[in-house]
Amino acid sequence: MNALDYDFHCHSTYSDGLLPPAEIVARAAGRGVRVLSLTDHDELGGLPEARAAAQHHDIALIPGVEISVTWAGHTLHIVGLRVDAEAAALKSGLARIREGRNSRAARMAEALAHAGIDGALQGARFYAANPELVSRTHFARFLVERGHARDMQTAFKRFLTAGNPGYVAHQWASLEEAVSWIREAGGIAVLAHPGRYRMEQWQRDELLERFKALGGLAVEVVTGSHTPAQYAYWSKAVQRHALLASCGSDFHGPGESYRDLGELPPLPAGCMPVWEAL
Ligand code: AMP
Ligand code: MN
Ligand code: MN
Ligand code: MN
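Just so you know, we're using my numbering here: the sequence shown kicks off at 268 and counts up by one.
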């Protein structure tokens with residue numbers, strides 16, 4: 268496999284990415300990606316534009332989504348690949364999550380106001396091209412623009428993560444719900460960037476077991492936020508649990524991401540690639 272061939276995780280302006288779907292697809296095609304999945308957070312609205320652009324650029328577009336989940340007190344992300352964007356349970360489930368995002372955004376703005384930062388809701392909304400999808404990323408862009416943080420990383424570290432002034436706890440969908448919505452939509456459920464969850468090894472194994480029991484099929488082994496040591500760790504973990512391996516850049520935009528579209532090393536030898544199931 269050419270490392271650039273497959274990229275199963277990225278974002279457009281329909282969630283917290285910086286480029287509209289057509290530009291994401293054009294950029295991926297220009298970089299040599301052959302099979303791309305657009306996986307906006309809790310949102311399917313960018314898929315028609317991505318599909319049209321994919322035909323134009325002769326690249327295969329796998330309709331995707333990245334669903335926000337709360338499991339055992341952790342926020343997890345579950346990617347759905349090859350989902351039917353018209354599936355009723357998926358559509359209504361995501362609409363519910365987006366409503367929750369709206370109320371969370373208001374609470375975040377209140378929390379920031381207590382810390383002396385006014386106008387954060389309007390400020391974040393200014394950066395959210397999709398009014399239904401306000402994310403912490405949009406708050407981070409506002410905080411950087413206002414000079415409260417020198418870059419996105421610092422904005423998250425100082426304001427938007429647990430224990431900091433702009434962070435509020437939030438209840439997302441359950442793992443059961445997310446996996447069942449994806450399955451009912453004919454899709455493949457993938458555990459996104461597992462190396463980012465702060466868990467002990469026993470809990471990681473428990474998560475993989477539970478995920479698999481619910482019908483989850485794959486895990487991101489190669490993703491923009493994993494180190495080479497994590498590629499090796501998660502490659503062994505998926506083999507132990509007989510799950511498939513996925514790869515995706517998690518690209519959000521030029522200058523804001525670890526990896527550009529398709530900028531990924533090959534999956535480690537020994538794991539079964541998720542495209543075998545597509
Ligand atoms: P939300 O789903 O609204 O809580 O926002 C989560 C998003 O914030 C992730 O998908 C990332 O795009 C972004 N994010 C989370 N942590 C960081 C960080 N430390 N630095 C930059 N972006 C981050
Ligand atoms: Mn994001
Ligand atoms: Mn994610
Ligand atoms: Mn993502």
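Every residue gets a Cβ at the ideal spot worked out from N, C-alpha and C, and that includes glycine.
Every value quoted in this text rests on a predicted model; they were computed, and no experiment measured them.
Check                                                                                                                                                    : Outcome
From what residue to what residue does the alpha helix (DSSP H) around histidine 542 run?                                                                : First, the amino acid is wrong: residue 542 is tryptophan here, not histidine. No alpha helix (DSSP H) holds tryptophan 542; DSSP gives it neither H nor E.
Would you list, in sequence order, the uninterrupted alpha helix (DSSP H) runs of no fewer than 4 residues that lie entirely inside the stretch 302-356? : 314-324
CA-CA distance, leucine 475 and lysine 424?                                                                                                              : 28 angstroms
Going by DSSP in three states, glycine 515 sits in which element: helix, strand or coil?                                                                 : strand
With a threshold of 9 angstroms between beta-carbons, can valine 541 be considered close to chain C, or not?                                             : The structure shown contains no chain C, having only a single protein chain.
Tell me whether methionine 419 counts as near ligand 1, meaning its Cβ is closer than 8 angstroms to at least one heavy atom of that ligand.             : yes
Just reading off the beta strand (DSSP E) that glutamate 487 is part of, what are its end residues?                                                      : 485-490
Spatial neighbours of alanine 429 within its chain, please: C-beta separation below 7 angstroms, excluding the five flanking residues on both sides.     : none
What's the call for tryptophan 448, buried or exposed, on a 16-neighbour Cβ count within 10 Å?                                                           : buried
Compare the Cα-Cα distances from glycine 515 to each of Ala295, Arg408, Ser359 and Glu290 and report the closest residue.                                : Ala295
Assuming serine 492 contacts histidine 519 (C-beta within less than 8 angstroms), just tell me the rounded distance between them.                        : That pair is no contact at about 11 angstroms.
Is it a yes or a no for the stretch 393-413 touching the stretch 361-379, going by three-plus beta-carbon pairs under 8 angstroms?                       : yes
With distance defined between alpha-carbon atoms, name the residue in Glu467, Thr342, Arg471 and Asn431 nearest to alanine 382.                          : Asn431
Taking only three categories from DSSP, how would you classify methionine 268?                                                                           : Low confidence applies to methionine 268: its pLDDT is 48, below 50, so where it sits in the model is not reliable enough to give any reading.
Measuring only from the beta carbon, is histidine 308 closer than 8 angstroms to any heavy atom that is part of ligand 4?                                : yes
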